[in-house]
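If you're matching positions, the sequence shown starts at 1 in the UniProt record's numbering and goes up one per residue. Heads up, the beta-carbon is just placed ideally off N, CA and C, and yes, glycines get one too. Everything numeric in this text was worked out from a predicted model, so none of it was measured.
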Amino acid sequence: MSTRKIIGGYDRSAGAQDAATWALDEGRRTGAPVEFLYAYEWPVWAPAASMVPATSVWPDEETDRAIRTMLREAVAAARTTHPDVRTAISIVHASAALTLIDRSAGASLIVLGCRGHSAVAGLLGSVSTAVSAHARCPVVLVRGDAAATAPVVVGVDDSPSSHAAMAFAVEQALARRVPLHVVRAWKPVTGLWEETAMATRTVTATERRPLDELVAAWHEKHPGLEIHAEAVVEHPATALTRAGLGAQLLVVGSRGRGPVRGALLGSVSQHLLRHAACPVAIAHESKA
1 MSTRKIIGGY DRSAGAQDAA TWALDEGRRT GAPVEFLYAY EWPVWAPAAS MVPATSVWPD
61 EETDRAIRTM LREAVAAART THPDVRTAIS IVHASAALTL IDRSAGASLI VLGCRGHSAV
121 AGLLGSVSTA VSAHARCPVV LVRGDAAATA PVVVGVDDSP SSHAAMAFAV EQALARRVPL
181 HVVRAWKPVT GLWEETAMAT RTVTATERRP LDELVAAWHE KHPGLEIHAE AVVEHPATAL
241 TRAGLGAQLL VVGSRGRGPV RGALLGSVSQ HLLRHAACPV AIAHESKA
C-alpha cells in the first residue's frame, strides 16, 4: 500500500474530470490518497511610473471561495464513486508548473487532463510539457478511452529514463492484471545511406538481444506476468502511437533536459502527449 499521494490538477472541465477518475481508480488500486489541486497566479497591478510596489488586485476571497466550492464538489463526488479513497483539496497562488514540479518530490504520481482551461489541468503547452519533463515522479496525461482488459504498452531504448519507464509499466501491468507489450523501435536509415545495403529495414539478432535480455530479466522477477516484445525499424513516435491504439496505458521515459522554463521533453514523448489514443505516462530515472 502506498502512502505517497497522487496529485491531480482539477478545474471541472471534461478533461480534468477524466483525470480525476483515473487518479481515484489508481488510488483505489494502491491505497494512496488523492489531492485535487488548483493552481493559478494573477498579475500584479501597479500604476505606470509608480516607484512603490502595489498590492495584487487578485486573487480575492470570492474567487478562492468559488474555487474551493468547485474542489469540494469534486471530493463529494469522489466519496460517492470511490468511498475507500482518501481525498484532499489544495489551492495555490503560484505557477502551476513550478508548484507541481516541487510537489512531485513527495508524490507517487501527478495526473493531468488533456483538455481544460485552468493553469493546471489540461494544457498541452508549457505546463504539461514542463511538468512531464521535470517532475520527480511519473506524470500521467489522461486522454482517450481504453478497455480495462487492454495491455499496458511501454517504449524502451538505452536511456536511463527508459529503465524507469519499464519498471513503472511492469508495476502498472501487474496491478491491472493485464499483459505488458514492450516496443523497441529503431529509426529507419534515411538520406545518403537510404538506398545502400546498410539500410536493411530489419532488426538483427544482435540488435534485438538487449531487448530479449531485458524482457527475460523482468519475466524472471514476475513469472506470472505475460510480456510480449516487439522490435521494429520504424520511427519510435509512429510505432508507439500505433501500439497505443490498443492499449489502456502507454509508458515512456522523459529524456528531458534543460531548465524548467525551457520545458524540454523528448520529441517522442511530446508527440505521444498530443497524439496517443490512450493515457500516457512519462517516467523519470531515479535521482538517488
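Three-way DSSP call (helix, strand, coil) for residue i in this model
i	result
residue 250	strand
residue 228	strand
residue 245	coil
residue 31	coil
residue 15	helix
residue 181	strand
residue 140	strand
residue 260	Confidence in residue 260 is poor, its pLDDT being 40 and thus under 50, which makes the residue's placement too unreliable to answer from.
residue 215	helix
residue 277	coil
residue 156	coil
residue 233	strand
residue 239	helix
residue 150	coil
residue 120	With a pLDDT of 48 at residue 120, under the threshold of 50, the predicted position of this residue should be treated as unreliable, though the coordinate-derived value follows. The answer is coil: DSSP assigns residue 120 none of H, G, I, E or B.
residue 169	helix
residue 135	coil
Proximity below 8 Å, CB of residue i to CB of residue j
i	j	result
residue 140	residue 131	no
residue 107	residue 137	yes
residue 237	residue 268	yes
residue 89	residue 68	yes
residue 151	residue 182	no
Sheet register partners of residue i (DSSP bridge)
i	result
residue 5	107
residue 101	Answer by DSSP bridge pairing: none, since residue 101 is not bridged.
residue 113	142
Span separating the alpha-carbon of residue i from that of residue j
i	j	result
residue 110	residue 249	15 Å
residue 291	residue 84	It is not possible to answer for residue 291, since the shown part of the chain is limited to 1 through 288.
residue 39	residue 143	21 Å
residue 278	residue 240	11 Å
residue 27	residue 155	25 Å
residue 113	residue 270	15 Å
residue 232	residue 184	7 Å
residue 64	residue 82	26 Å
N- and C-terminal bounds of the beta strand (DSSP E) containing residue i
i	result
residue 90	87-92
Element boundaries [alpha helix (DSSP H), containing residue i]
i	result
residue 72	61-81
Any non-hydrogen atom of the ligand FMN within 7 Å of residue i CB
i	result
residue 181	The ligand FMN is not part of this structure, which contains no ligands at all.
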